[in-house]
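Undergrad: Here it is, the structure in full.
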Amino acid sequence: MSSSPSPLLSARGSRLALLVVGLCWLAVLFDGLDMFIYGSVLPHLLETRTFGLTADQAGDLGSYATFGMLVGALVAGTIADRIGRKNLMVSCVTLFSLASGVCALADSVTVFGLGRTLAGVGLGGLLPTAISMVSDYAPRGRGAIVIGLLMTAHHAGGILSAYVAKWLIDPVGWRAAFWVCVLPLLFAPVLAKLLPESLSFLVAKGRGEEARALAERYDVEVPAARTGGAGDRWTNLANLFRGNEWIQTLLYWVASFGGLLLVYGVATWLPTLMRAEGYALGSALSFVVVFNLGGIVGMLVAGRAADCFGAPRISALWFALTAAGVFLLSIHMDMTVTMIVVFFTGVFLNSAQTMIYATVSIRSDADNRATAVGWTSGMGRFGAVFGPWLGGQLLASGNGDWGFTAFAIAGLSSMVFIGIAALRSSRQTATDSERELVAAH
Numbered sequence: 006m007s008s009s010p011s012p013l014l015s016a017r018g019s020r021l022a023l024l025v026v027g028l029c030w031l032a033v034l035f036d037g038l039d040m041f042i043y044g045s046v047l048p049h050l051l052e053t054r055t056f057g058l059t060a061d062q063a064g065d066l067g068s069y070a071t072f073g074m075l076v077g078a079l080v081a082g083t084i085a086d087r088i089g090r091k092n093l094m095v096s097c098v099t100l101f102s103l104a105s106g107v108c109a110l111a112d113s114v115t116v117f118g119l120g121r122t123l124a125g126v127g128l129g130g131l132l133p134t135a136i137s138m139v140s141d142y143a144p145r146g147r148g149a150i151v152i153g154l155l156m157t158a159h160h161a162g163g164i165l166s167a168y169v170a171k172w173l174i175d176p177v178g179w180r181a182a183f184w185v186c187v188l189p190l191l192f193a194p195v196l197a198k199l200l201p202e203s204l205s206f207l208v209a210k211g212r213g214e215e216a217r218a219l220a221e222r223y224d225v226e227v228p229a230a231r232t233g234g235a236g237d238r239w240t241n242l243a244n245l246f247r248g249n250e251w252i253q254t255l256l257y258w259v260a261s262f263g264g265l266l267l268v269y270g271v272a273t274w275l276p277t278l279m280r281a282e283g284y285a286l287g288s289a290l291s292f293v294v295v296f297n298l299g300g301i302v303g304m305l306v307a308g309r310a311a312d313c314f315g316a317p318r319i320s321a322l323w324f325a326l327t328a329a330g331v332f333l334l335s336i337h338m339d340m341t342v343t344m345i346v347v348f349f350t351g352v353f354l355n356s357a358q359t360m361i362y363a364t365v366s367i368r369s370d371a372d373n374r375a376t377a378v379g380w381t382s383g384m385g386r387f388g389a390v391f392g393p394w395l396g397g398q399l400l401a402s403g404n405g406d407w408g409f410t411a412f413a414i415a416g417l418s419s420m421v422f423i424g425i426a427a428l429r430s431s432r433q434t435a436t437d438s439e440r441e442l443v444a445a446h
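Residues 6 to 446 (the numbering used here) make up the sequence shown, in order.
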């Protein structure tokens, strides 16, 4: 196999790919900042009993945001397939930025919860839309690694949230951390001006002149028009269940449920659970930084590995390693060893879920991609809602150590379901190859 330059410098318009991936990366950075900021300030909110907050209420608040993400993810795909991914991304950035302002001004748990729910809608809508957008412009055969590169932004946002909390909570207060999360509002006009619309969306909507003008500007090809266009929302959803596709679709959905339960359970409760293990607040927030550094490394490694060996196989292996790492966190270890375990858990945990999205995105038709990714993410969001709530309930009942064990079990379940999907996909590929040989004779 011949070596090739960086995927962002290969064919299909490197300038356009760099522009799209760069802008989407910044948008997802702000998404990650807003998502992780709650977990970063949560130990302080609990220690100071802000709003009279208890552990089980804190779990509920974490679930409000992920419930909003569920709503956002479910509607994002169908809306994006209708109005365009660019417009939806701008709207999502605007919504979660303004919602953070609601949290910063909140004078009660109710108002704070409303702000987190609205922020969740924007966060849930942005991520699958950004994944679909970069998939449109990814160089051929490099879809998984480009999606992995995009998702490093989510973890860079997590790292930023830990530093925002460390720098601002003591001298200024927790509200300042949420005011920082309002700043992405200034990025929305930049996104609206510079981000090009999806070429496949323009073609599907009959806006051929716009597609040709954009393609000529960046020296790329206009995608071929598909018979029947982009279809309506229910047609796009029904396509996920045609023939035997329903089995694969459900396997991805269930795997995504366990994966997002694990991701958002750990993201919400890692600093608090480590604080309960006896670590100082500063050290607990350092775990967030190390965890997300691992996430960045994992995205790049997993994306490259998935392009070589297949995203489902890598996802299954990564979930197995994640389960082992999360379980080890329930055991009190030396600080250095704990840091190493947290890092490698971050490497495998975050990219395991992303490889599910990569699989769905790469294997979907261009005019149905946003719907497929959106619904896979949306079904997984039920797990994202359950994870923070579960952590809160275990902590409130004095069983915080069982939180890591419960999250490890979720990782094992996702390993099983995505593993079955990988085996079915391999058998299907073999069957298709046999049919092609028969047809050739």
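Glycine included, every Cβ here is placed at the ideal spot set by N, Cα and C.
(1) Between the region 36-50 and the region 121-141, do at least 3 Cβ pairs fall closer than 8 Å?
(2) CB-CB under 6 Å to S418, same chain, minus the five flanking residues each way: which ones, in chain order?
(3) Does the beta-carbon of S9 have 16 or more other beta-carbons within 10 angstroms, so that it is buried, or is it exposed?
(4) Alpha carbons only, please: which of S166, A109, V421 is nearest the one belonging to R318?
(5) Suppose you measure from the CA of L428 to the CA of F353; what does that come to, to the nearest Å?
(6) Could you give the DSSP three-state label for L23: helix, strand or coil?
(7) Here's a check: name, in chain order, each residue in its chain whose Cβ is nearer than 7 Å to the Cβ of L326, leaving out the five neighbours to either side.
(8) For V342 and Y269, I'd like the C-alpha separation in whole angstroms.
(9) Which same chain residues end up closer than 7 Å to V95 when comparing Cβ atoms and leaving out the 5 residues on each side of it in sequence?
(10) Can you give the beta carbon distance from I361 to S320, rounded, assuming they're within the 8 Å contact cut?
(11) Return the residue from the list A143, M304, L50 that minimises the CA-CA distance to Q358.
(12) Nearest-angstrom Cα distance between L219 and L21?
(13) On the criterion of 16 or more Cβ atoms from any shown chain inside 10 Å, does L14 qualify as buried, or is it exposed?
(14) Within 10 angstroms of the Cβ of C448, are there 16 or more other Cβ atoms? Answer buried if so, exposed if not.
(15) Can you name, in chain order, every residue of its own chain whose Cβ lies under 6 Å from the Cβ of V76, other than the five neighbours on each side?
(16) Whole angstroms are fine: how far does the CA of R217 sit from the CA of W30?
(17) Could you compute how far the alpha carbon of L399 sits from the alpha carbon of W407?
(18) Closer than 8 Å is the cut-off here; do at least three beta carbon pairs connect the region 382-390 with the region 59-66?
(19) Determine the direct distance from the alpha carbon of A181 to that of S166, and round the result to whole angstroms.
(20) How should G291 be labelled, buried or exposed, when 16 other C-beta atoms within 10 angstroms of its C-beta is the threshold for buried?
(21) So what does DSSP say about F56, is it helix, strand or coil?
(22) With G27 and I152 assumed to form a contact (beta carbons below 8 Å), what rounded beta-carbon distance in angstroms separates them?
(23) Helix, strand or coil for S448 per DSSP?
(24) Which word fits N249, buried or exposed, when buried means at least 16 other C-beta atoms lie within 10 angstroms of its C-beta?
(25) If P133 and S288 are in contact, beta carbons under 8 Å, what's the gap, nearest whole angstrom?
(26) What's the C-alpha gap between H159 and D175?
(27) By alpha-carbon positions, which one of D86, S19, C186 ends up nearest to A209?
(28) I need the straight-line Cα distance from V365 to A377, nearest angstrom please.
(29) According to the neighbour-count rule (16 or more other Cβ atoms, all chains shown, within 10 Å of its Cβ), is L188 buried or exposed?
(30) Between D339, F296, T157, L255, which lies nearest to G283 when the distance is taken from Cα to Cα?
(31) State the CB to CB distance for the pair M138 and V25, rounded to an integer number of angstroms; the pair is presumed to be in contact (CB under 8 Å).
(32) Looking at the secondary structure, which residues open and close the alpha helix (DSSP H) in which S102 lies?
(33) What would DSSP say about E202, mapped onto helix, strand or coil?
(34) One question on the structure: do V390 and T71 come within less than 9 Å of each other, judged by their Cβ atoms?
(35) Using the three-state DSSP reduction, which class does Y284 fall into: helix, strand or coil?
TA: In terms of the structure at hand:
(1) Yes, since at least three Cβ pairs between the region 36-50 and the region 121-141 fall closer than 8 Å, the two stretches touch.
(2) Non-local beta-carbon contacts of S418 in its own chain, meaning distances under 6 Å to residues more than five positions away in sequence, involve G263 in chain order.
(3) Confidence at S9 is low in this model, with a pLDDT of 43, below 50, so its placement is unreliable and the value that follows should be read with caution. Counting of Cβ neighbours within 10 angstroms places S9 among the exposed residues, the total staying below 16.
(4) For R318, the nearest C-alpha among the options comes from V421.
(5) L428 and F353: Cα-Cα distance of roughly 21 Å.
(6) Reduced to three states, the DSSP call for L23 is helix.
(7) Answer for L326: F353, listed in chain order.
(8) Distance between the alpha carbons of V342 and Y269: 23 Å.
(9) Closer than 7 Å at the Cβ level, and outside the excluded window around V95, lie A193, L196, A197.
(10) Rounded to the nearest angstrom, the Cβ distance from I361 to S320 is 6 Å, consistent with a contact under 8 Å.
(11) Measuring from the Cα of Q358, the nearest candidate turns out to be M304.
(12) In a straight line, the C-alpha of L219 is about 9 Å away from that of L21.
(13) Note that L14 scores a pLDDT of 39, beneath 50, so its modelled location is shaky; the value from the coordinates is reported in the next line. When all chains shown are included, L14 counts as exposed.
(14) This structure leaves residue 448 out entirely; the chain is present only between 6 and 446.
(15) The answer, listed in chain order, is V126.
(16) C-alpha separation (whole angstroms): 25 Å.
(17) Distance from the CA of L399 to the CA of W407, rounded to the nearest whole angstrom, comes to 7 Å.
(18) The region 382-390 is not in contact with the region 59-66.
(19) Approximately 12 Å between the Cα atoms of the pair.
(20) One point to set straight first is that residue 291 is Ser, not Gly, in the sequence displayed. Burial of S291 is indicated by the presence of at least 16 other C-beta atoms within 10 angstroms of its C-beta.
(21) In the structure shown, F56 adopts helical secondary structure according to DSSP, grouped into three states.
(22) Contact doesn't hold; Cβ gap of about 15 Å is too wide.
(23) The displayed coordinates of the chain run from 6 to 446. Any statement about residue 448 would go beyond what the structure contains.
(24) So N249 counts as exposed.
(25) At roughly 34 Å, the Cβ-Cβ gap does not stay under 8 Å, so P133 and S288 are not in contact.
(26) Each residue's Cα considered, the two are about 25 Å apart.
(27) A209 has its Cα closest to that of D86, out of D86, S19, C186.
(28) Going by C-alpha positions, V365 is about 7 Å away from A377.
(29) Exposed.
(30) It is D339.
(31) With 8 Å as the limit, M138 and V25 qualify as a contact, their Cβ atoms being about 6 Å apart.
(32) The continuous alpha helix (DSSP H) containing S102 extends over residues 90-110.
(33) The answer is coil: DSSP assigns E202 none of H, G, I, E or B.
(34) Their beta carbons are under 9 Å apart, which means V390 touches T71 by this criterion.
(35) Residue state, collapsed to three classes: coil.
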